[in-house]
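My numbering numbers the first residue of the sequence shown as 98 and each following residue consecutively. Note that beta-carbon positions come from the ideal geometry of N, C-alpha and C, so glycine has one too. Treat the numbers as computed from the prediction; the structure is a model and nothing was measured. Here the structure is laid out as structure tokens; the discussion comes afterwards.
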Amino acid sequence: MKKLFLNIRKLLFKTDCILCNKDAEEKLRYLCSNCYNNLKLSSSLKKMGNIYYIWDYNKLNSKLIFEYKYNNIKEISNIYSSIMKDKIFEVLEKEEIDYIFPIPITKKRRSKRGYNQTEVILDKMNLRYENSERIKETKAMYKLLDKGKREKNISNAFYINNINKYNDKNILIFDDIITTGATTKEFERTLKDKWKVKKIVIFSCMGSKTIKKLNINKEVNDEF
Ligand SMILES: [Zn+2]
């Protein structure tokens, strides 16, 4: 009976690896062990200016994050959190972070997706974070190739409750992917407009190659 149950379970939950289409590992649900290991081996803590990130943007990574964000496979958060946990804790300690802000999504998007993908990853790592709102309906940034259009799209998109507690604090902004930097930059601006924060660092699962082209030493003035 137990065996039958296990077989039914296997049949019901059997999925292909979303990266290579081979049989997925039961424990990982959406990846085979080979792809998971590749993902783990290619992860490392990288830093450009005030931006920390784990993976360079490539075909495999972008497919995984796309499935997570746009095909609503919430369990992929387990894969991200298990690989990133040590690294984000390292940054929290090193930068003496007081508060974490995940980049918010609009209410409309949240009800459609059912969750905010950045919050879910933080939840899985047992990290507490601050709330903020995305008050402007914005187009998905990956659809906008032009830098000016991206900046206009995201301008005045965020609202942070006016609580008097972020002055002189170290803040970490958490996002899933940074392509040109416009989103996190706008969030940073929103914070700095209201409070005299001591320091802001950004932590992202993935950064794109364009990060490296930015003149980070002056200031991160683009979104990657
Ligand atoms: Zn695979």
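According to DSSP, residue pairing for P201 in a beta bridge does not occur. Pairing T277 with K244 gives a Cβ-Cβ distance under 8 Å. At the C-beta level, K266 and K295 come within 8 Å of one another. Distances taken from the Cβ of N131 to the heavy atoms of ligand 1 include one shorter than 7 Å. Residue pairing of K166 in beta bridges, as defined by DSSP: absent, with no partner found. Each residue's CA atom was taken as its position, placing N228 and P201 some 8 Å apart. For Y133, the three-state secondary structure derived from DSSP is helix.
By a beta-carbon distance limit of 8 Å, I274 contacts I162. Their separation comes to about 6 Å. With a 10 Å radius around the Cβ and a threshold of 16 neighbouring Cβ atoms, L128 comes out buried.
The alpha-carbon of E248 is positioned some 8 Å away from that of T280. Sequence-distant Cβ neighbours of Y212 in its own chain, meaning closer than 7 Å and more than five residues away, are K171.
The count of Cβ pairs closer than 8 Å, one atom from the stretch 209-224 and one from the stretch 168-188, reaches three, so the stretches are in contact. With respect to I197, L219 sits close: the two C-beta atoms are nearer than 8 Å.
Sorting K291, E283 and R207 by C-alpha distance to the C-alpha of N264 places K291 at the top. S174: member of the alpha helix (DSSP H) spanning I173 to K191, first to last residue. Within the stretch 207-244, complete alpha helix (DSSP H) segments of at least 4 residues are found at 214-221, given in chain order. Inclusion of L288 and I297 in the CB contact set at 8 Å is warranted, their separation being smaller than that value. Taking the Cα positions, I173 is about 11 Å away from Y133. Look at L116: its beta carbon is less than 7 Å from one of the heavy atoms in ligand 1.
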